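Trainee:
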Amino acid sequence: MTLVKEAISVLKEHNLKITKQRQALLEYLSNYQHRYVDITQVDKYMHTLFPGMSHNTIYRNIKDFDNLGIIETQEKPSGACVKYQCDFGNLHHHHFICEKCGKVEEISLCPLDDLLQTQLPGYQIDGHRFEVYGVCDKCRKDS
108 MTLVKEAISV LKEHNLKITK QRQALLEYLS NYQHRYVDIT QVDKYMHTLF PGMSHNTIYR
168 NIKDFDNLGI IETQEKPSGA CVKYQCDFGN LHHHHFICEK CGKVEEISLC PLDDLLQTQL
228 PGYQIDGHRF EVYGVCDKCR KDS
């Protein structure tokens, strides 16, 4: 539950109200620290708790959470997915994503740092994403 408390602190720092809907959304998303979940699944879950909650409210909160670094988003051919950001002290990081089980592992070093310095000296880089896809060790052993 400390992850949710950290996220609530971030919301308060940015003057966002802590509603029971936001609290429930944070608690649900905190179950997805190590894999992505489809936004449509998040939407369905929130409607089981709050049937009158609009889709726009859910998606707007997800967008706010993403902008504040509480969650991370990923676009897949099947639609958008989200994952809880579990390391608020290290917002810049990259991922290995298992294509079989969906497990996400953080990659601690940034392979683009050297490339950007040698290939684009003097440029201002405002952001980037780096994801590696494959099969995790457990799935390889289970095959």
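All residue numbers for the sequence shown refer to the working numbering, where the first residue is 108 and numbers rise by one.
Just so you know, even glycine gets a beta-carbon here, dropped at the ideal spot from N, CA and C.
This one's a predicted model, so the numbers in the text were calculated from it and none came from an experiment.
(1) Between the alpha carbons of Gly176 and Asp244, how many angstroms are there, rounded?
(2) For His201, I'd like the list of residues in its chain whose CB is within less than 7 Å of its CB, leaving aside the five on either flank, ordered along the chain.
(3) Rounded to the nearest angstrom, what separates Lys248 and Gly241 at their Cα positions?
(4) Would Val189 and Tyr152 qualify as a contact pair, given that the criterion is a beta-carbon distance under 9 Å?
(5) Can you list, in chain order, the residues of its chain whose CB lies under 6 Å from that of Glu179, leaving out five sequence neighbours each side?
(6) What is the residue span of the alpha helix (DSSP H) that Lys170 lies within?
(7) Within 10 angstroms of the Cβ of Ile169, are there 16 or more other Cβ atoms? Answer buried if so, exposed if not.
(8) Taking 9 Å as the threshold (C-beta atoms), are Val149 and Tyr135 in contact?
(9) What are the start and end residues of the alpha helix (DSSP H) that includes Cys188?
(10) Opposite Ile232 in the DSSP bridges: which residues?
(11) Assuming Ile232 and Leu223 are in contact, meaning their beta carbons sit under 8 Å apart, how far apart are those beta carbons, in whole angstroms?
(12) Among Thr126, Ser137 and Asn163, which has the Cα closest to the Cα of Thr147?
(13) My understanding is that Leu156 touches Ala131, with C-beta atoms under 8 Å, so please give their C-beta distance in whole angstroms.
Mentor: Let me spell this out:
(1) 29 Å
(2) Cβ neighbours of His201 beyond the five flanking positions: Ile214, Cys217, Phe237 and Glu238.
(3) 13 Å
(4) no
(5) For Glu179, where only same-chain residues beyond five positions count, the Cβ hits under 6 Å are Lys190 and Gln192.
(6) His162 to Asn174
(7) buried
(8) yes
(9) Taken as a continuous stretch (DSSP letters only), Cys188 belongs to no alpha helix (DSSP H), being part of the beta strand (DSSP E) at Gly186 to Tyr191.
(10) Partner(s): none; Ile232 has no beta bridge.
(11) 6 Å
(12) Thr147 has its Cα closest to that of Asn163, out of Thr126, Ser137 and Asn163.
(13) 5 Å
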